[in-house]
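Going line by line, the protein sequences match chains A and B.
186 is the number that the working numbering gives to position 40 of the first sequence; each next residue is one higher, with no gaps.
87 is the number that the working numbering gives to position 72 of the second sequence; each next residue is one higher, with no gaps.
Report on one structure; see the data block that follows.
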Amino acid sequence: MLERYEKIFGKMTAPSKNIWHVRANTIKMPAKDLEKFLSSIGTVERMEHENGFWVCSEKNLSKTAEHLLGYFFLQNASSMLPPLALNPKAGDMLLDMCASPGAKTTQMAAMMKNEGVIIANDVTHKRLKALRGNLQRCGVSNAIVTKMHGEDFWKGGLKFEKILLDAPCTGTGTMNPRILHQTSENTVKMFSRLQKKLLESAVRCLDVEGTIVYSTCSLEPEENEENVDFAVTQLELTVEKIDFSSSNALTEWNRKEFSPQVAKAVRVKPDERHEGFFICKMRK
Amino acid sequence: MQDEKVRSLEVLESEQVKSIEKIVEKNYGAAFDLKQFLVMKTSEEKIWIASKDIAKVDFSKISVNSIGLYFGKLKRNNKINLSTEGCQMIGKNAKKNVAVVDKDSAERFLRGNDVIPIEAAECENQNFVILKCGEDFLGSSLFVDGKISNILPKSRRLLDKSL
């Protein structure tokens with residue numbers, strides 16, 4: 147698979163394992179107060195995202211009292227971008243279709259100042275347990291957790307102005323050697339099919355003029371550009387430009403040319419400080 | 016389509032919400048405006064709070080697993096065992112039933128141990144108290160004969176040595 151990615155991106159670096167990616171949970175603690183705590187245990191650098199920090203520390207941050215008390219969320223820098231693209235505001239009603247473990251859900255709740263409504267959906271008992279635990283730990287009071295297959299969510303009849311579809315994916319953007327080793331072409335095809343079904347369902351739940359952000363932590367064009375091309379050509383969505391510094395999306399793959407709109411999607415190239423990510427904002 | 020626990024949730028009327036506010040005030044000397052939330056109670060007397068906007072959602076065709084934030088559980092004799100988040104909301108204004116612990120005891124408490132507070136002036140024996148360390152509110156447990164008898168749920172404990 148690595149050869150395939152180098153064909154797309156050129157030479158790549160895997161994300162460093164020695165850097166913690168931290169997002170201040172502003173529902174419970176202002177970012178500047180968290181920065182003081184983080185500075186007491188390591189070297190801190192602010193991310194472009196105002197509430198995000200990279201921390202070099204030998205301490206296991208996931209086992210600190212501050213983490214347990216919900217002052218921060220450990221979340222890769224790239225994973226903070228889809229909520230920023232969706233830009234939820236206090237009072238919005240939005241759907242997070244594949245929400246567990248809740249990194250983006252809790253980020254959006256903080257952006258919404260715990261007002262409005264987030265329907266945070268996922269499907270298995272184990273994933274819902276993790277989601278509920280994180281929502282509670284982070285003090286989120288504006289979420290309803292639902293247990294439905296995303297492909298069938300539209301049957302509930304609810305409509306949303308904003309939808310986040312952070313789709314289940316191969317996870318190859320993490321550059322985890324085990325994932326890279328295990329991911330086959332069939333796995334990619336399987337996820338790509340599921341993602342298209344989820345997109346169809348999400349679009350059925352979207353208000354006219356509503357916005358959907360589609361994201362994955364996969365590097366595969368079949369899970370990314372191909373699905374955006376499907377959303378544009380089959381589901382009649384329009385891609386909107388996102389203002390992130392990143393690589394351009396592919397305009398063709400395997401001799402298939404995508405809709406010109408697909409070029410507005412963004413790819414975050416994996417490097418020391420970012421997992422590989424794909425993000426696309428679309429409007430109905 | 017709802018989970019059993021969600022089905023048992025009762026949305027409380029204004030008078031019922033006021034009675035919970037009174038319980039909070041009686042136990043912690045803190046006025047807390049619960050009316051800013053949608054307040055719900057389960058058959059097990061557990062109190063959940065949520066953004067009022069949630070009342071606008073039609074739940075009839077979706078499978079709801081949980082709603083809002085767990086605030087605490089009502090107990091006999093007008094007492095309340097607050098969740099960690101409930102403690103963090105109430106703690107800042109609490110004037111009684113707040114037990115102060117030092118950093119070492121805070122860590123031991125978060126690992127599930129009983130601890131002795133360094134300050135417990137306004138703590139009632141056999142009542143639920145809010146544990147405080149510096150500016151942090153750690154959770155709620157029982158104050159018994161000068162000690163904190165730890166009842167922190169396992170899900171809110173530190174599991175490995177780390178601090």
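C-beta atoms are modelled at their ideal positions from N, C-alpha and C, and glycine is treated no differently.
Residues of the segment 247 to 266 of chain A that bring their beta carbon within less than 8 angstroms of a beta carbon in chain B comprise N260, E261, G262, V263 and I265, in sequence order.
A check of alpha carbon separations from P367 of chain A across A:T384, A:L344, A:C315 and A:V359 identifies A:C315 as the nearest. Taking a beta-carbon distance threshold of 9 angstroms, T57 of chain B does not count as an interface residue toward chain A.
With a cutoff of 9 angstroms on beta-carbon distance, A245 of chain A and T172 of chain A are scored as not near each other. When the alpha-carbon of W63 of chain B is set against those of B:L27, B:S75, B:V79 and B:N42, the nearest one is in B:L27.
Separation of the CB atoms of L240 of chain A and L310 of chain A is rounded to 7 angstroms, and the pair is thereby assigned contact status at 8 angstroms.
Three or more beta-carbon pairs separated by less than 8 angstroms are not found between the segment 227 to 238 of chain A and the segment 199 to 215 of chain A, which leaves the two stretches without contact. Secondary structure note for S338 of chain A: it is in no beta strand (DSSP E), and the uninterrupted alpha helix (DSSP H) holding it is E331 to C351. Per DSSP, D160 of chain B is not a residue of any beta strand (DSSP E), being assigned neither H nor E. Its Cα nearest to that of K275 of chain A, the residue A:K293 stands out among A:K293, A:M258, A:G262 and A:S287.
Residue pairing by DSSP places G87 of chain B opposite B:I62 and B:L97 in a beta bridge. Put simply, the CB of T189 of chain A is far from chain B, with every gap to its CB atoms at 9 angstroms or more. Taking 9 angstroms as the cut-off, the Cβ atoms of K427 of chain A and V378 of chain A do not count as close. Cβ-Cβ separation between V116 of chain B and V130 of chain B: approximately 6 angstroms, consistent with a contact (criterion under 8 angstroms). Interface with chain B (9 angstroms Cβ-Cβ cutoff): V291 of chain A is included. From the beta-carbon of N80 of chain B, the residues of chain A found nearer than 7 angstroms are L274, V291, T292 and K293. For H271 of chain A, the uninterrupted alpha helix (DSSP H) segment begins and ends at H271 to R283. Chain order gives the chain A residues near Y85 of chain B as Q282, where near means a beta carbon separation below 8 angstroms. Assignment of L148 of chain A by DSSP, reduced to helix, strand and coil, places it in the helix class.
The three-state reading of DSSP puts G106 of chain B in helix, counting H, G and I together. I154 of chain A and L365 of chain A do touch by the CB rule: their CB atoms are close to 7 angstroms apart, below 8 angstroms.
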